[in-house]
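In terms of this note's numbering, the sequence shown opens at residue 1 and continues consecutively.
By construction, the Cβ of each residue, glycine as well, lies at the ideal position given by its N, Cα and C atoms.
Encoded as structure tokens, the structure appears first; notes follow it.
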Amino acid sequence: MITVKEFHERVIQLDEEYSDDFIGVRWEDKERVIGESVNNSRHNIDREDERDMPEYGTEEYEEMDELDGSSAFGLYSVIEMFKHDVKKTPDKPLKDFFQTYHCYLIIGDDFTNWDDGLDDGEVVIENAKVMEVFY
């Protein structure tokens, strides 16, 4: 299992290696493999709390607007998000920080949907594919 410190170091390395590419970190419950295409995300701009999303596959979820790509956290945001945790709990499993079963690095053709009220640190990646599986 990847630790917070290992993940943070890897994300910094990826940010340097792929600085000109369109990449991000995605947490979700669906198990994916390297090279797999990631479906476009949905967006509910009217919600009060950014964590308040309908369950995937429900009628309410399907009624939301579809984005032009897959949502993820930008690498800079992820690096900043874990700075404190790396110092405080470097050996804690990364999986303990999110209520999802999987974490991936995704890469695509471009960033999109900038004017659609994205969440803090969120990017939307067109034609995203799984590049690396963290857990």
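Inset, instruction - Output the distance between the C-alpha atoms of glutamate 16 and glutamate 60, rounded to the nearest integer angstrom. - result: 39 Å
Legend entry - C-beta contact flag for glycine 117 and isoleucine 23 at 9 Å: no
Legend entry - Cα-Cα separation between histidine 84 and leucine 67, rounded to whole angstroms: 32 Å
Legend entry - At least three beta-carbon pairs within less than 8 Å, the stretch 125–133 to the stretch 91–108: yes
Inset, instruction - May I have a chain-ordered list of the alpha helix (DSSP H) segments no shorter than 4 residues that lie completely inside the stretch 66–94? - result: 75–88
Inset, instruction - Name the one or two DSSP bridge partners that threonine 112 has. - result: Val124
Legend entry - Per-residue burial, glycine 57 [other beta carbons within 10 Å of its own, 16 or more giving buried]: exposed
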